[in-house]
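See structure below.
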Amino acid sequence: MQPIRNLLSFRIWLALLFFSVSCQQSRDYSQDQVKEEAPAENQYKVIAIKDGDTIELLKDGKPLRVRLQGVDCPEKNQDFGTRAREFTSDLVFGKNVGLVVHDIDRYGRTVGEIILPDGRNLNYELVKNGFAWHYTAYSKDAELARLEAEARAEKRGLWTQPSPVAPWDYRKNRGGAASGTASSTESKKTTGTSAKTAATSAATVSSKSGKAYLCESKSAKTYHLDQNCHLFQQCKSSTGTVSLAQARKDRTACKVCSK
-17 MQPIRNLLSF RIWLALLFFS VSCQQSRDYS QDQVKEEAPA ENQYKVIAIK DGDTIELLKD
43 GKPLRVRLQG VDCPEKNQDF GTRAREFTSD LVFGKNVGLV VHDIDRYGRT VGEIILPDGR
103 NLNYELVKNG FAWHYTAYSK DAELARLEAE ARAEKRGLWT QPSPVAPWDY RKNRGGAASG
163 TASSTESKKT TGTSAKTAAT SAATVSSKSG KAYLCESKSA KTYHLDQNCH LFQQCKSSTG
223 TVSLAQARKD RTACKVCSK
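Using this note's numbering, you'd call the opening residue of the sequence shown number -17 and step up by one each time.
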């Protein structure tokens, strides 16, 4: 009987040893999986592409809108606007990227550089491939200047066009004279109406705080004096605060909260 008992004890010990090793390997594998899937420090997942030069990251469980520093992509209604957005999406959407913060703009957006998983700089890649201009009004980056000159010379992306319109000029003209879609008569009518509206607003609208509230949506053309204005509350994009004087330069007053 004793040999049989010894044999049974050995088998039980062997089974327990095998079970213990298997459990340890399973735990190690699970930990390795977590390490592979978890973003590294200062790495954030890209959850949305607003346009070629504006994306949203997931930070601390909340969306963070980032405007790329030193570059300006064509607007959606411009040539290469959609292609610039697709280029950015292909490089970063759904991926974990690095963020180098430069500033916070007047709309409350984070302004910075995006570092791709392979170490390349998204800001540089956009300009290098002809999907963005070097935004010289806000950047003196020598590398961006060099990359734009190179893209121009090689006729990459938007530089295949004979006379590409800078997006800041396009925005300034509201797609009229810059895009060549508005007739001179329509342009004069719009200019006259805008001037009349601006004059009326300047004379009748005042704000005790000297501040105005803006909806970041590209279709928004008004500013608000009351943060609780129901039209302002309907904004589905990010919001920001600027001086009333600055708001009057670019937009007209909300007819509801400016009365």
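All residues carry an ideal CB built from backbone N, CA and C; glycine is no exception.
One or two residues paired with residue i in a DSSP bridge
{"i": "alanine 235", "result": "Tyr205"}
{"i": "threonine 92", "result": "Val48, Ile86"}
{"i": "leucine 39", "result": "Val28, Leu46"}
{"i": "lysine 193", "result": "Ser225"}
{"i": "threonine 34", "result": "The amino acid at residue 34 is misidentified as threonine; the sequence shows glycine. Bridge partners of glycine 34: none, in fact."}
{"i": "tryptophan 115", "result": "Asp54"}
{"i": "glycine 80", "result": "Gln25, Ile97"}
{"i": "asparagine 103", "result": "Ile97"}
Buried/exposed call for residue i, threshold 16 Cβ in 10 Å
{"i": "threonine 142", "result": "exposed"}
{"i": "proline 149", "result": "buried"}
{"i": "valine 82", "result": "exposed"}
{"i": "asparagine 103", "result": "buried"}
{"i": "serine 240", "result": "buried"}
{"i": "asparagine 105", "result": "buried"}
{"i": "glycine 192", "result": "exposed"}
{"i": "proline 144", "result": "exposed"}
{"i": "glycine 90", "result": "exposed"}
{"i": "glycine 43", "result": "exposed"}
{"i": "serine 188", "result": "Bear in mind that a pLDDT of 40 at serine 188, under 50, signals an unreliable position, so the model cannot answer this."}
{"i": "threonine 167", "result": "Model confidence at threonine 167 stands at a pLDDT of 38, short of 50, so the residue's coordinates are unreliable and nothing is read from them."}
Nonlocal neighbours in the same chain, by C-beta distance under 6 Å from residue i, ignoring five residues either side
{"i": "glycine 112", "result": "Ala133, Arg138, Gly139, Leu140, Trp141"}
{"i": "glutamine 209", "result": "Tyr195"}
{"i": "lysine 41", "result": "Tyr26"}
{"i": "phenylalanine 69", "result": "Phe113"}
{"i": "alanine 202", "result": "none"}
Cβ-Cβ separation, residue j to residue i (assumed contact under 8 Å), whole Å
{"i": "valine 53", "j": "tyrosine 152", "result": "Rounded, the Cβ-Cβ distance is 15 Å, inconsistent with contact."}
{"i": "valine 147", "j": "leucine 129", "result": "Between leucine 129 and valine 147 the Cβ distance is about 20 Å, and since that is not below 8 Å, they are no contact."}
{"i": "proline 45", "j": "isoleucine 31", "result": "With 8 Å as the limit, proline 45 and isoleucine 31 do not qualify as a contact, their Cβ atoms being about 12 Å apart."}
{"i": "arginine 88", "j": "valine 238", "result": "Going by Cβ atoms, the distance from arginine 88 to valine 238 rounds to 23 Å, so no, they are not a contact pair."}
{"i": "threonine 204", "j": "alanine 235", "result": "7 Å"}
{"i": "aspartate 33", "j": "arginine 65", "result": "Contact flag wrong, Cβ pair sits at about 11 Å."}
{"i": "arginine 49", "j": "glutamate 38", "result": "Contact flag wrong, Cβ pair sits at about 11 Å."}
Cβ-based neighbour list, residue i, same chain, cut-off 8 Å, excluding 5 preceding and 5 following
{"i": "isoleucine 97", "result": "Val79, Gly80, Leu81, Val82, Asn103, Leu104"}
Proximal residues to residue i (C-beta, below 7 Å), its chain only, five neighbours per side dropped
{"i": "alanine 124", "result": "none"}
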